[in-house]
Amino acid sequence: MTPLKYLAAYPSHLQDQVRRLIAEGRLGDYLAKRYPGRHAVQSDKALYAYTMELKQRYLRNAPGIDKVLYDSKLDVLRNALGLHTAVSRVQGGRLKAKKEIRVAALFREAAPEFLDMIVVHELAHLREFEHNKAFYQLCEHMLPGYQQLEFDLRVYLTWRDLGGQDALPGR
């Protein structure tokens, strides 16, 4: 049985479906058919504007965000697809905190639905710090179908690990 590291927490019947698609060589086709597009958010400036528009729509009263960027150093292997941080600096006699959202650079080339999922996930951390029920309810509110997208994103990462990054869905 092929270990599926990104899908380890999911029920075995779902893992078996993915293994079947892998064995039949149809996983890339499945993803390309389900997610045929590629987003146009290619620069850090465009990602910031995109993120701020989502924040304004759903989280007006949440703390502000100072920086949003694609980060080529995020380690997908440690499940860091996106990252939200608060960097504290001393300025004069005061402590200033700057909130940042970093998105793994591999999402420059991904389907728009996957970018939506990552940005929504990181924005939800502005309100809910833990991955609890309230966190996932907020994600689902901002992006209906969030949980299916999270699963499919993990399938996409599995496909990439199998060498699928040379023929990305949507190209």
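Residue numbers for the sequence shown, in our numbering: 5 to 175.
Glycine included, C-beta positions come from ideal geometry on N, C-alpha and C.
* To do: Could you say which of Phe-111, Leu-99, Gln-152, Gly-167 lies nearest to Arg-42 if we only look at CA atoms?
  => Phe-111
* Which ranges would you report for the beta strand (DSSP E) in the stretch 94-169 if only whole runs of at least 3 residues count? -> You should have 98-108.
* To do: For Leu-142, I'd like the list of residues in its chain whose CB is within less than 7 Å of its CB, leaving aside the five on either flank, ordered along the chain.
  => Ala-128, Arg-131, Glu-132
* Is Gly-86 buried or exposed, if buried means 16 or more other CB atoms sit within 10 Å of its CB? -> buried
* Asked: What are the partner residues of Gly-68, as DSSP defines its beta bridges?
  -> BP columns for Gly-68 are empty, so no partner.
* Straight-line CA distance for Gly-32 to Asp-165? -> 12 Å
* Asked: Among the residues of its own chain, which have a CB less than 7 Å from the CB of Gln-182, if the five just before and after it don't count?
  -> Outside the shown range of the chain (5 to 175) lies residue 182, about which nothing can therefore be said.
* Quick one: using the 10 Å Cβ neighbour count with 16 as the cut-off for buried, is His-145 buried or exposed? => exposed
* **Buried/exposed call for Glu-28, threshold 16 Cβ in 10 Å** => exposed
* Cβ shell of Ala-109 (< 7 Å), same chain only, five flanking positions each side left out -> Taken in chain order, the residues that qualify are Tyr-74, Asp-75, Ser-76.
* Asked: Are the CB atoms of Leu-161 and Tyr-10 nearer to each other than 7 Å?
  -> Against a cut-off of 7 Å, the Cβ pair of Tyr-10 and Leu-161 comes out as a contact.
* Asked: Buried or exposed: which applies to Val-123, given that a residue is buried once 16 or more other Cβ atoms fall within 10 Å of its Cβ?
  -> buried
* **Residue environment, Lys-100, which counts as buried when at least 16 other CB atoms sit within 10 Å** => That one is exposed.
* Through-space distance from Gln-21 to Glu-154, alpha-carbon basis -> 16 Å
* Rounded separation between Tyr-14 and Arg-38 - CA only -> Taking the straight line from one Cα to the other gives about 20 Å.
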